[in-house]
Amino acid sequence: LSATPLLSLDDVHAHYGKSHVLQGVSLQVREGELVTLLGRNGAGKTTTLKAIAGVVPATRGQLHFGGQPLQRMATHQVAQRGVCLVPEHRGIFKLLTVEENLLLAQRKKSPWQLPDVYRIFPRLQERRLNGGGQLSGGEQQMLAIGRALMNAPRLLMLDEPVEGLAPVIVEEIVAQLKTIKAAGVTILLVEQNLEVCTQLADRHYIIEQGCIVHEAYNAEFLRDEAVKDRYLGVG
Ligand code: ATP
15 LSATPLLSLD DVHAHYGKSH VLQGVSLQVR EGELVTLLGR NGAGKTTTLK AIAGVVPATR
75 GQLHFGGQPL QRMATHQVAQ RGVCLVPEHR GIFKLLTVEE NLLLAQRKKS PWQLPDVYRI
135 FPRLQERRLN GGGQLSGGEQ QMLAIGRALM NAPRLLMLDE PVEGLAPVIV EEIVAQLKTI
195 KAAGVTILLV EQNLEVCTQL ADRHYIIEQG CIVHEAYNAE FLRDEAVKDR YLGVG
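To convert a position in the sequence shown, counted from 1, into full-length UniProt numbering, add 14.
Dropping the structure here:
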């Protein structure tokens, strides 16, 4: 892990109209790390990802990616720098085939080309000629992640990738994310399924009412029933 973080947020605030949703989020993600952002419903997890991606403007604070400031940058400029958000609702094209969806996202210089994506997601290869709209929820999620990879991400941000999926599919996606992490992709993960988070992550941040209230390495977090109980209501 390099010393300078790939992503760094310092006292980031964000509003929806008058509603002050992020109230000083500070966090870092180092190159090659998998970091989760945990918290109860409405705590500000999705908004944090959106602020990083430039979808929601930061009204105060600093965001840096690869040492460069991100704030006031348009979404496409942030994306060009390699920040890739896979939103909760996946954003795949239902009328295009799986393969067309992937090829649309392809960047020539991406280390992830079609065969690489098919190696990780054999189901996508099997379904390559099917329409995006004919896929199961898990397959749609795989396609959304596959598309993000073809886009050459330096930072992959995933918003609840296993929400609503059957346990056997969750396991499959966890294994795939492990492979993607092992290939060196830096990942910031928002996920309610703690088991998934602790299987994958190097570190965790907990957000509550728009503020980071706790930070821990995975081994430490796993032992800390009090923290899980207090902030996540699971213990
Ligand atoms: P969840 O798991 O429920 O998605 P979250 O931690 O991702 O929770 P956010 O989606 O970031 O939370 O929402 C933080 C707060 O901002 C919530 O109170 C939510 O109701 C509010 N909010 C989210 N999106 C909007 C919006 N477009 N307009 C107004 N308020 C919003």
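Ideal Cβ positions, reconstructed from N, Cα and C, are used throughout, including at glycine. The structure presented is a predicted model; accordingly, all values stated were derived computationally and were not measured.
Exposure label - A72; buried when at least 16 CB within 10 Å: Here residue 72 refers to the residue found at position 58 of the sequence shown. Residue environment for A72: buried (at least 16 other C-beta atoms within 10 angstroms of its C-beta).
Beta carbon shell of the ligand ATP at less than 6 Å from a heavy atom: That query returns the following residues: Y30, S33, V35, G53, N55, G56, A57, G58, K59, T60 and T61.
The stretch 134-149 in contact with the stretch 110-122 per 3-pair CB rule at 8 Å: Taking a cut-off of 8 Å on C-beta distances, the stretch 134-149 touches the stretch 110-122, as three or more cross pairs fall below it.
Residue from G147, G58, G46 and N144 with nearest C-alpha to H34: As a position in the sequence shown, residue 34 is number 20, starting the count at 1. Per the Cα distances, G58.
H103, DSSP secondary structure in three states: Within the sequence shown, residue 103 is the residue found at index 89, counting from 1. Of the three classes helix, strand and coil, the one that applies to H103 here is coil, per DSSP.
Nearest neighbour of G224, chosen from H103, P125, G53 and I106 [CA to CA]: Looking up residue 224 in the sequence shown gives position 210. Among H103, P125, G53 and I106, the Cα nearest to that of G224 belongs to G53.
T62 beta carbon less than 9 Å from that of L36: On the sequence shown, residue 36 is found 22 positions in, with the first residue counted as 1. On the sequence shown, residue 62 is found 48 positions in, with the first residue counted as 1. L36 places its beta carbon less than 9 Å from that of T62.
Where T18 falls, given that 16 or more other Cβ within 10 Å makes a residue buried: Position 4 of the sequence shown, counted from the first residue, corresponds to residue 18. That one is exposed.
Local Cβ density within 10 Å of V182, reported as buried at 16 or more and exposed below that: On the sequence shown, position 168 is the one that residue 182 refers to. With fewer than 16 other Cβ atoms from the protein chains shown falling within 10 Å of its own Cβ, V182 counts as exposed.
Residues bridged to P125 (per DSSP): Position 111 of the sequence shown holds residue 125. Beta-bridge partners assigned by DSSP to P125: none are found.
Buried versus exposed, by CB contacts within 10 Å (16 or more), D243: Locating residue 243 in the sequence shown gives position 229, where the first residue counts as 1. D243 counts as exposed, since fewer than 16 other beta carbons sit within 10 angstroms of its beta carbon.
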